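What follows is a set of notes on a single structure, which appears directly below.
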Amino acid sequence: MNIHPRHLAIADYTYDLPDELIARHPLESRDSSRLLVFNKGQLASDIFRQLPHYLPPGSMLVFNNSKVVEARLKLFKPTGGGVEIFALEPHKAGMDITEAMLTTGQIDYHCMVGGAAKWKSGQTLKGSFEQGLQITAERLSTQGQTSVLRLTWHPASLPFAQVLHIAGQIPLPPYLNRQPEATDKERYQTVYARHDGSVAAPTAGLHFTPQVLEQVKKAGHETLEFTLHVGAGTFLPVKAQTMQGHQMHAEYMALPLAGIKQLATHKGPVIPVGTTSMRTLESIYWMGVKAAVVPSISEKALELSQWEVYDQLLQYAIPAHQALGALAQWMEQKNMEKLIIKTQIMIAPGYRFGICNGLITNFHQPQSTLLLLVAAFIGPAWRSVYHYALQNRFRFLSYGDSSLLLP
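First residue of the sequence shown: 807, per the numbering used here; consecutive thereafter.
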């Protein structure tokens, strides 16, 4: 490795994205989006529903089954002025997103507050919604761009996920520059979304239909699901000149023991659907490396920090099946059927992949951590891939077209 990812200049990972190539609405049919295929340096294009024909024999596709919650709420000051709240993550230490979504009556939550300066200290925000739902919000503290709000609601028996479902709106990416529409409730959600908790969709999966999933299985490929709840950090631009100044947001993963065992025994290529699935798989690998090196490791020490792979773990060359086996054994010793744990992994050039052999993903913003991940995976060829996509007028970002990257 020539350069530590800390010292990468984000200005080296940019390109000119014409505004007209940003897809502001989804296509009528999910699987009619275009597919760019990058296979060992060769570039081609097709329609997404043809994906199964391009997958290497015996592949395993790994999906993130997190569901987007309606995390944008509008509440009102006593004077009548509206305040928009974007619910990010629970404030209580150790509480994961799944637990937060099941909480009833009241919760303390980290939120971004629109027009926070106009919300006077001591004022309570209120809102009345369908099904008799009443919500109040008190501000407990503010740090940087976020505030901790105490959200209380009646009927108190409703879980927080249901409160958001009744009162909130889907949090579309800011670069779409429009209000959510009725169709977004369905279309900014994958067909296999199951577990409430994300504030952004794992958008690579938006192209899949039940028919495409059926064709994948008919072609002899395996599928596997994990859960990584996508945080608002995925939208944060990198403002620092080098990556050292950018803090990755930690995100929660839910990892079933059965899934880790299935992954450990799979012999063919492993292809994540989306950057969140890739971060999940690679986090599992390095957690497995930790469990292999220190079998008595604590759950807290198993979490991955932003630079830990580069600073401490790259010295270990442990095969994937061995690392996964060590993690499964660690879970079994603790009688754990599911591991819910945080990862802050940053995948950038200089990274060594432990599990992933391909990637299905959309086209990402210039100077973003997601573009860094693509560059880490396919090397300098990311420039030719993006040049091809721009020249051939592919649609970009969340509602845009797809790519299959096979380095």
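Idealized CB from N, CA, C, for every residue including glycine.
As the structure is a prediction and not an experimental result, all values here were calculated from the model.
Is the CB-CB distance between residue i and residue j below 8 Å?
| i | j | result |
| --- | --- | --- |
| ALA923 | LEU931 | no |
| THR1009 | ASN1168 | yes |
| PHE844 | VAL1191 | yes |
| ASN870 | GLY1011 | yes |
| VAL875 | LEU970 | yes |
| ALA1056 | LYS1148 | yes |
| ILE1146 | ASP902 | yes |
| PRO1155 | ALA1181 | yes |
| VAL997 | LEU894 | no |
| ALA850 | ARG1201 | no |
| ALA1129 | TYR1157 | no |
| GLN940 | ILE972 | no |
| VAL1044 | SER1174 | yes |
| LEU1087 | MET1137 | no |
| VAL889 | GLY920 | yes |
| TYR1122 | VAL1099 | yes |
Tell me whether residue i sits in a helix, a strand or coil according to DSSP, three-state version.
| i | result |
| --- | --- |
| TYR847 | Before going on, a small fix: residue 847 reads as Gly here, not Tyr. Reduced to three states, the DSSP call for GLY847 is coil. |
| PRO965 | strand |
| MET1054 | coil |
| ILE809 | coil |
| TRP925 | coil |
| LEU823 | coil |
| SER1004 | strand |
| ILE903 | helix |
| LEU1203 | coil |
| HIS1193 | helix |
| PRO980 | helix |
| PRO1062 | strand |
| LEU939 | coil |
| ALA1103 | It is Ile, not Ala, that sits at residue 1103 in the sequence shown. Here ILE1103 sits in coil by DSSP. |
| LYS1148 | strand |
| VAL1036 | coil |
| GLN1112 | coil |
| ARG945 | strand |
| GLN1068 | helix |
| VAL1044 | coil |
| ILE972 | helix |
| LEU1119 | helix |
| LEU841 | strand |
Going by CA-CA distance only, name the one from the options that's closest to residue i.
| i | options | result |
| --- | --- | --- |
| ASN1243 | TYR821, ALA962, ALA899 and GLU826 | Only positions 807 to 1213 of the chain appear in the structure, and residue 1243 is not among them; the question remains open. |
| GLN856 | ARG1199, TYR1116, LEU1019 and LYS1144 | LEU1019 |
| MET1054 | VAL868, LEU1176 and ALA973 | LEU1176 |
| LEU1196 | ASP822, GLN949, MET1152 and ALA815 | ASP822 |
| ILE1151 | ALA1187, SER1089, PHE1159 and SER1204 | SER1089 |
| TYR1116 | HIS1127, PHE1159 and PRO1125 | PHE1159 |
| LYS873 | TYR1194, MET1059, ASP837 and ILE1066 | MET1059 |
| HIS810 | SER1204, ASP1207, ILE891 and GLU1114 | GLU1114 |
| GLY864 | SER934, THR910 and HIS1027 | HIS1027 |
| GLU1105 | PHE892, GLY887 and GLY900 | GLY900 |
For the beta strand (DSSP E) that residue i lies in, which residues bound it at each end?
| i | result |
| --- | --- |
| LEU931 | 931-934 |
| VAL919 | 912-919 |
| VAL889 | 888-896 |
| ALA1123 | No beta strand (DSSP E) contains ALA1123, which DSSP labels as neither H nor E. |
| ILE1077 | 1076-1078 |
| VAL954 | 952-960 |
| GLU1019 | Sequence check: residue 1019 is Leu here, not Glu. That residue, LEU1019, is in no beta strand (DSSP E); its alpha helix (DSSP H) goes 1016-1024. |
| LYS991 | Looking at the DSSP string, LYS991 is not in any beta strand (DSSP E); the run it does join, the alpha helix (DSSP H), is 990-993. |
| THR996 | Looking at the DSSP string, THR996 is not in any beta strand (DSSP E), and its letter there is neither H nor E. |
| ILE1161 | ILE1161 -> no beta strand (DSSP E), and no H or E assigned at all. |
| LYS873 | 872-874 |
| ASN1168 | 1165-1168 |
| LEU1211 | 1208-1212 |
If I follow the unbroken alpha helix (DSSP H) through residue i, where does it start and stop?
| i | result |
| --- | --- |
| PRO858 | 857-860 |
| VAL882 | Position check: residue 882 holds Phe in this sequence, whereas Val was assumed. Careful: PHE882 lies outside any alpha helix (DSSP H), inside the beta strand (DSSP E) at 878-882. |
| THR1175 | 1175-1184 |
| LYS1140 | Per DSSP, LYS1140 belongs to no alpha helix (DSSP H) and is neither H nor E. |
Return no unless some Cβ of chain D is closer than 8 Å to the Cβ of residue i.
| i | result |
| --- | --- |
| PHE1032 | Absent here is chain D; the protein component of the structure consists of one chain. |
Does the pairing of the region 988-997 with the region 1061-1073 give three or more beta-carbon distances under 8 Å? no
Contact the region 1078-1086 vs the region 1147-1167: 3+ CB pairs below 8 Å: yes
Does the region 1021-1028 come close enough to the region 1082-1091 to have 3 or more Cβ pairs within less than 8 Å? Contact fails: fewer than three Cβ-Cβ distances are below 8 Å.
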